[in-house]
Structures are given as structure tokens and as C-alpha cells.
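S.K.: Dumping the structure here so I can ask a few things about it.
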Amino acid sequence: MAEPILRAVNLSKRFGGLTAVNDVSLELHVGQVHALIGPNGAGKSTLTNLLSGDLKPSAGHIHYAGVDLAGMSAERISHLGLGRSYQKTNIFLAFSVFENCRLAAQSRRQRAWRIFRKASRFEDVNARARAALEAVGLASRRDAIAAALSHGEQRQLEIAMCLATEPQVLLLDEPLAGMGPQESGTIVELIRSLTAAHAIMLIEHDMDAVFAVAHRLTVMVNGEVLASGTPSEVRANEVVQQAYLGEEHGAGDV
Amino acid sequence: MDFYSFLIQLLNGVQYGLLLFLVASGLTLVFGIMGIINLAHGSFYMVGAYLAFSLAGLTGNLFTALPLGIGVSVLLGFALEWLFYRHLYARDHLYQVLMTYGLILVFEELRSIIWGDDVHGVAVPDLLSASLPLTDNLSYPVYRLAMSGVCLLIAGGLYGLIKKTRLGMMIRAGSSNREMAEALGVNIKRVYTVVFALGVALAAFAGMIAAPVSSVYPNMGAQVLIICFVVVVIGGIGSVWGALLAAILIGLTDTFGKVLLPDYAGMSTYILMALVLLWRPEGLFKR
Amino acid sequence: MKSKTSVLLLIVLLLFALFPFVGEKFYVQLVAKVMIMAIFAMSLDLLVGYSGLVSLGHAAFFGLAGYVLARLAPQYEAASLWTSLPLALAACAAFALLTGLLVLRTSGVYFIMVTLAFAQMLFFVFHDTPLGGGSDGIYLYAKPELMLGGTSLLNLEDHRVFYWFVLGLVAAVYLLLQRLLDANFGRALIGIKSNEHRMRALGYDTFRYKLGIYMLSGMLAGLAGYLAAMQYGFVNPDILGWHTSGSVLVMVILGGMGTLHGAALGAFVFILLQEVLSNQAWFGPVAKHWQLAMGLFIIAVALFLPRGLAGLSGQRKLREETHG
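Laid out in C-alpha cells, this is it:
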């Protein structure tokens, strides 16, 4: 297999006495979706926060593009090509849909000069924002105020903002949460279409979606990796069956 | 500096620090528990000093003035909380700053109308007017020692109040988790009122006992307020223990600064704050 | 809509430009003072209204620039505007950089307290040390001169010329800021104000943006302080004091934060109110205690007008819209 683009090694995060992430290692490859599943509180979001720089790891390394991201600021990690979406929608509610994306796209163009040029006149930025909105299926809502969007649409915008920064690695934290079937379908298709050129880490509770797109699966419980492998390997894993999949999908619809 | 001069400055520094603690503890409690930044807190200190001046004049003795003054300031605290502060709990800090700034102007003008703009002195009570001789020509006033003692007693009382009593439990519950406190049936509104009045009384009491030493003059609250902000920043907001240590640190810095570098002493405390900000922007004792 | 605002602004500018032809000297000077304070208020609005940074120490820059001018001026002669103004602004930028690196490490209520404390530190620098001339301050016997090759370009001692000079600067500052806020930098600032965490995740080095606006804001406050020192003819520690910081904050909130013309309007109303309330001809001995009325007014604004005076029309508009 080709070299991984991102390699997390023995990552741990402790909050006081609580260990939220314990000695987790994980690899992401371009062209693959690596799904992270596990019950609530398993440490999936904390792991995402460690990778994105929102939190600093207590121990471990994150090798990416020849550097160690561990302890680096979120903004530097973003510029190195890691983009993330948030589990809890984290958008600029007062701004228009387009301005949300435009601001995301603008972050890639921070030249100090031309400080008096109108922000809306940078065509490359506008184009990237438009493309991101089209990709998630929100182009028709570009002038709406973000606060006025439906919950599902806000989730779509969340992903569009991540895309507008043109990352190479996408960390998607429960992108489908709260979406209707049609919106979910759009996003699953979007993830498929992005896979070829990106490395994607997907946290998701919707097992149908996970098994539809994932190339690899990691199961986390209590901050630790319970199992990791291809979808069929993980599905066949008895420990996983009992600990996690069994509970939710015991009826056998997996 | 010989030993006795050093001792005198040390005692002065600690005394000043303990006095600052009385004012700063109210500031930090009111912020920590209600989330209110109260610029008018220095005005309560000033009100206390002027109360001491008037009441000591009326009754002829600071000792009788003190309980009366505390009563007045507690009532003032209840009234202010009811009239003004309770409308600002859920509001942005900006509006708290705005309203309490307006209150400062009101307090200063009321002070000017009631007491005028002159500087007044308050007599040290006879009982404490003696000085302890240290050497042939150096002595230390008993009153300042008594001030420090009283401040320490109050600090201990505050500690006991917060750690041991039901009110203290409510205070701690309110400061860490408002919803949970309400769910447990704590009347958070009443806690807020009581804590606020306590803060006012502490600041006013500090003003009263400081009056014989510092005299009583216009705008005396502003100076104390800003120094108390520095205390709170250094100590970590909401931490009474941090406020105590930071206040003594500031008291010593300021006192020794004035002796060693008189022209630059005004800046010394702020430079200390800058250093703390460099090292620990959340304060030394942030929980 | 856009061109309507421009036309309106041009009319306002024209009216202000014509005022010295009809107004008495006292009023021309009063309006010049209002315009200087408008620059000061706009500079603070950059922090409070656009970046969410509530500074209670903005007087530091205002006073610092004034003191730089006073120290640079020869005792009984005029300083050169060409050198003293850039140096005053540079001093403000340096102070903003130095303190900004510290205060911007904090946020929220800490920021409020720390900015106040650093301003107070500067107060003591000019109050206590030989730099400042004590509590009496320093007199400026002549306004700085704008010379070019031996001839004076503007006679700033003339109250009308000074007025137009200030008017030109207000207009220039307004236009400059309007452009800046509409450009990438301004958009990013507003994003930081509304959700700094998200901006960082999008790759914005938010600290640098905040430091940038803090320095620009400090320099513009310095411009206002320079002009104020020029107008009054003296500087004293009060201009660095926290009542100056408090007043300008009141102006910004009064006008409704987050719009430049709101800040200017706030300055206008505040100064006017101050003049009216302290007018002895109208209020007699009560005028001495004008701050009482001002304080009550400020409390009322804080309690009842969360969006300032600009919010008054906004609320009416909202009501009209909702009721068709």
C-alpha cells in the first residue's frame, strides 16, 4: 500500500484525571475514507480535535507532510491542508451562506497588500466559494442568512466551508447528523466524489452510510481503539459485534 | 535600609495589601459568582471612607461608626442590586461596564453634593492611637497593626464562610454551575443579592478603616479600583485565595517601590502585572 | 442604496464645510472638538464594534500622542507638523504593539481590566516622572506648522482653517476605514468577532489580525489626541485618565456599535450633552454637578438602549416591518 499522508502515532489526551483518548494510532491515505465509529463518548471528536489542532495532545505524534502536527496551532494545521467540519454546527449565523464560504475561501489568500480592495472583488475566492456551495448542493441558497437555514442545510454549509479551504485531508465529524434522507444522499455522493483526490476521516453513526463509503474502519470505545481494519474484517470481529455493532445492529441489517 | 526601616516598610506593605484584599475580594466574588464586572466597586470604598468621616463626627468615635457604616453599606448593596445590577446579569460585559461607569459619575457627584470637594481627616480612636517604639527614633503605629489584624480576621472569616457554611456552599454552587444550583433548589437570586451586599460591605469597611490613615478625598475610589483590577488579574478571577496572595504581593511591590524608586513606583505594580500576563495570562491562581 | 448613502454623506460633508461661514467662533471650535472626538470614537469602534475587544484604556493612545507633540514642540515656538505627527503616531503604534502583545493574550473581562491597567500605567509615567511635567501638564504655545519650502501651507492658528483641517482628516479617516472594513481584512475581523474559534480552524491567524487592528486603532486614537492637544493648547495627565477612556466608550455605545457613522454620531451627542448640561446660563449652580445627570443618562442607555441611539430608529424600523 502507498505511504499514508497522515499518520497519528500513540496519541493520548488527558483532561485532569480523565483520559479521553488513550494511545490511539491511525493512518489516512489519499483515495480512501477511513471511518471512525464507536459509541458516544468514545473519544472520536476529541481525536478529531487533536488532529485539527483544536486541542493539544498530552502525548503522541501526528506525522503529516514531513512535519509533526502535535501541538501546532489550528490555523497552521489548516494551512498545511487539513480541513475539518464540526459535529456541532459551527458557522457564522449572522452572515449569508455565501459569505460563510467566501470567508473560508479567503483564508487561503491572506496577502498583506491590496488591503483596500473590496473583499467581494477577488474572483478566485468567489469562485472557490461558489464551487464549494455547488458541491454540497446549497448553491440555490447562497443569499440566505445562515441562521435562517434548516438544520440539514446548516450541516451542508458546515461541510462547504471546510471544502472552500481546499484541504487535502478532510476530517468530517458526523456530517450526516440531523439530515434528511435526500440531503444525506447528496453528502454520501459528495464524499464518494471527493475520495479520489482526498484523504478522508469520517466519524458517523449512520452505519449504512459508513459501510457505503468506508475503505477502512476503526472502532473506538472508551478512548481506545477496539479494532481496526477493512469493513468486512471489522464486521466479522466478534469483540466489535458484542461491544458495539451488536447492540445497534444485532437484528442483522448491517 | 536598616532592619527596622525594612520591618516598617514590610508591615506597611502587608497592611496595604490586606486592605486591597478586602476591596478586591468583593470584586472577584461578584465577578466569579454573578459574572459582573463592577467598575463602581471603588465607589463603595469611597462611600465607606466618607461614612466613617460623617459617622465618626456624629458619634464621636470610629468604633461606633463602624457597625453603623456597615449597616448603611449593606442596605446600599441591597438597594443597588435590586435597582441596577440584577438587570445586567445576563448581559454582555460591555453594558456592565457602561452602567457601572455611569454609577461612578453619579456617586462622585453625590459625594460632591453631600460632602463637598475638600479633603477631610478622620481621627484614630484613642484606644489605638499609641505607637510601638522600635528604636530611639522609629516607631510603628498600633492602628496600622490593628488594621492588618482585622483584615486577617475577615480573610479567615471569608474562608470559613465559603468553605463551611450553607451560604458558602450556595456561593460555590452558584459560581460553578448555575443550573445545577437552581435544580437543587438553591434560590440563586437571593444568593446573588447577598453576595453583592457582602461585596459592598467589604469595600465600604475597607474604606472606613483606611480613612484615618489615608484621609478622605474625592476620587479616592478610582485609584483603589484600578489597583484591585490588577490584583484580580494577577490572582485569577473568581479566586478569593488568589486575590489574597496577589493583594499582598501588590502591597509589598508598591510600598518598596515607593521607597526605592519614588518616581517610578506608580508603574511598578503594572509592570508586575505585565510579567504575570507574559507568564500566565489567566492569572496565577486560576482554578 | 449604496449611492443614496454616498449622496447623503456628501451633503453632510458639504454642510459641515460651510458651517464656519455662518457659525460663531465658539461654535466652530465646538464642532471641531466634536469632529476630533468622532475620530477618537471611530478608532475605538474598530475594537469594540468590529473586533469584539472592549478596551477601557483607549485614552492611553489619545494622551500619548498629545504628550509626544508637547515634548517635541520647542518651548515658545511651533513644532513642525511633518515630523511631530508621524512621530506621535509611531509612538502610539509602538505602545500598541508592546501592550497588544500582552493584552491580546487575554479576552473578555480580563481584556477590559488589563487595558485599563496599562492606560493607568502610562498615566503614572506622565504624572510621576520627569517626562510629563507633573499633574499640571505642559503648555503648547503655538499650534504645529505645516511648512513647505519655507512657506506655511495652512494657517492652523485661524480657527476656521483648523476646523477645515480637522474636517478633512475626519473625512479621510472615515473613507479609509470604510474601505478597509469592506476589504478582506475587515471581513476577517467581523468573522473573528462572531466566532474566533471557527476562524482559526479555517486557517486565520486571528492573533495577528487582532494585533493589526489594535495598532491601527491606537494610531487613529493618537491622531485624535494630537489634534485635541493642538486645539486645547495644553496636555495634562487627565487626557490619559480613565474618565477619558470611559467617555469615549460611552460615545461608541451611544451611537450604536459597529457602524462608523454611529460612533461619530455618539461623539456628537455626548459632547453636545456635556456642553448643555454644564451650561451655567441655563442650569445655574446645578450645572456644576452636570456629571450626575450624565451618569444617570449613561445608566439609562445601558439598561434601556442596548443598541444605542442608532437602535432607536432600528427598533422603529423593525416594528414597521413586522406590522407591515
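Chains as they are written, first to last, in this note's numbering: chain A, 340 to 593; chain B, 38 to 324; chain C, 1168 to 1491. Virtual Cβ for every residue (Gly too), placed ideally from N, Cα, C.
#1: What is the C-beta distance between GLU438(A) and TYR1371(C), in whole angstroms, given that I count them as a contact (C-beta under 8 Å)?
#2: Using CA coordinates, which residue listed in LEU120(B), ALA89(B), LEU76(B) and LEU189(B) is at the minimum distance from ILE285(B)?
#3: Taking the alpha-carbon positions, what's the THR1318(C) to PRO1311(C) distance?
#4: What residues in its chain sit with their C-beta under 6 Å from that of LEU408(A), if we drop five residues either side in the sequence?
#5: At a Cβ threshold of 7 Å, is ILE263(B) touching chain C?
#6: State yes or no: is the C-beta of PRO506(A) within less than 7 Å of the C-beta of GLY420(A)?
#7: If we ignore side chains and look at the alpha-carbon of each, how far apart do PHE1437(C) and MET1418(C) end up?
#8: Quick check: what's the CA-CA separation for VAL134(B) versus VAL179(B)?
#9: Specify, as a first and last residue, the run of the beta strand (DSSP E) that LEU357(A) falls within.
#10: Going straight from the alpha carbon of PRO520(A) to that of PHE431(A), what length do you get?
#11: What's the gap between the Cα of THR96(B) and the Cα of ILE150(B)?
#12: Whole-angstrom Cβ separation of ALA1132(C) and GLY1462(C), contact assumed at under 8 Å?
#13: Against ALA1355(C), what residues of chain A qualify as contacts under a CB-to-CB distance less than 9 Å, listed in chain order?
#14: Return the bridge partner residues of ALA1350(C) from the DSSP annotation.
#15: For ALA443(A), tell me which candidate among GLU462(A), LYS457(A), ARG467(A) and ARG460(A) has the shortest Cα-Cα distance.
#16: Does the distance from the C-beta atom of SER314(A) to that of LYS352(A) stay below 7 Å?
#17: Among the residues of its own chain, which have a CB less than 6 Å from the CB of LEU1265(C), if the five just before and after it don't count?
#18: Just tell me which of ALA538(A), ARG574(A), HIS544(A) and ASN561(A) has its CA closest to the CA of HIS368(A).
#19: In or out: GLY1423(C) buried (at least 16 other Cβ within 10 Å) or exposed?
#20: Name, please, each residue of chain C whose Cβ falls closer than 7 Å to the Cβ of ALA311(B).
#21: Taking only three categories from DSSP, how would you classify ASP3(B)?
#22: Can you tell me the Cβ-Cβ gap for ALA1245(C) and LEU1239(C), rounded? I've got them flagged as a contact below 8 Å.
#23: For VAL560(A), which residues of its own chain have a beta-carbon under 8 Å away from its beta-carbon, when the five flanking residues on both sides are left out?
#24: Who are the Cβ neighbours of PRO1187(C) in its own chain at under 6 Å, not counting the five residues just before and after it?
#25: State whether the stretch 1196-1208 of chain C contacts the stretch 1168-1182 of chain C, with contact taken as three or more CB pairs (one from each stretch) at a distance under 8 Å.
#26: Between the C-alpha atoms of ALA458(A) and ARG1354(C), what's the straight-line distance to the nearest angstrom?
#27: Using three-state DSSP, classify GLN1482(C) as helix, strand or coil.
#28: Please list, in chain order, the residues of the stretch 485-510 of chain A that have any C-beta partner in chain F closer than 8 Å.
#29: Go through its chain and collect everything with a Cβ distance to PRO343(A)'s Cβ below 7 Å, but skip five positions before and after it.
#30: Using a Cβ-Cβ cutoff of less than 6 Å, which residues in the same chain neighbour ASN1403(C) once the five nearest sequence positions on both sides are dropped?
#31: Which runs of the beta strand (DSSP E) spanning at least 3 residues fall entirely within the stretch 545-591 of chain A, listed in chain order?
#32: HIS130(B) versus chain C: which residues are under 7 Å apart at the beta carbon?
#33: Tell me where the alpha helix (DSSP H) around ARG148(B) begins and ends.
#34: Give the straight-line distance between the Cα atoms of TRP316(B) and PHE322(B), rounded to the nearest whole angstrom.
#35: Please classify GLY114(B): is it buried, with 16 or more other beta-carbons within 10 angstroms of its beta-carbon, or exposed?
#36: Report the neighbours of GLY303(B) on chain C: residues whose CB is nearer than 9 Å to its CB, in chain order.
M.R.: So, to answer that:
#1: No, GLU438(A) and TYR1371(C) are not in contact; Cβ-Cβ is about 15 Å, not under 8 Å.
#2: LEU189(B)
#3: 14 Å
#4: Cβ within range, chain order: ILE401 and ILE416.
#5: yes
#6: yes
#7: Cα to Cα, PHE1437(C) sits roughly 6 Å from MET1418(C).
#8: 39 Å
#9: 357-367 is the extent of the beta strand (DSSP E) around LEU357(A).
#10: 25 Å
#11: 22 Å
#12: The requested residue 1132(C) does not occur in the structure, where chain C is confined to residues 1168 to 1491.
#13: LEU442, GLN445, SER446, GLN449 and ALA458
#14: ALA1350(C) pairs with LYS457(A).
#15: ARG467(A)
#16: The structure shown does not extend to residue 314(A), since chain A is modelled only from 340 through 593, so no value can be given for it.
#17: There are no such residues.
#18: ALA538(A)
#19: By the neighbour-count rule (16 or more Cβ atoms within 10 Å), GLY1423(C) is buried.
#20: Within chain C, the residues whose beta carbon sits less than 7 Å from that of ALA311(B) are LEU1269, listed in sequence order.
#21: Given that chain B is displayed from residue 38 to residue 324, the structure contains no residue 3(B) and the question cannot be resolved.
#22: Not really, about 11 Å apart at Cβ, beyond 8 Å.
#23: GLY377, PRO378, ALA381, ALA582 and TYR583
#24: VAL1195, ARG1327 and TYR1330
#25: no
#26: Rounded to whole angstroms, ALA458(A) to ARG1354(C) spans 7 Å at the Cα level.
#27: Only weak support exists for where GLN1482(C) lies, its pLDDT of 47 falling under 50; the value from the coordinates is given anyway. If DSSP states are grouped into helix, strand and coil, GLN1482(C) belongs with the helices.
#28: Note that chain F does not occur in the displayed structure, where the protein chains are A, B and C.
#29: GLU366, LEU367 and HIS368
#30: GLY1304
#31: 555-560 and 563-568
#32: Neighbours of HIS130(B) on chain C, chain order: VAL1221, GLY1275, VAL1276 and ILE1279.
#33: 130-152
#34: Answer to the nearest angstrom: the Cα atoms are 12 Å apart.
#35: With 16 or more other Cβ atoms within 10 Å, it is buried.
#36: GLN1287, MET1288, PHE1290, PHE1291, VAL1292, HIS1294, ASP1295 and THR1296
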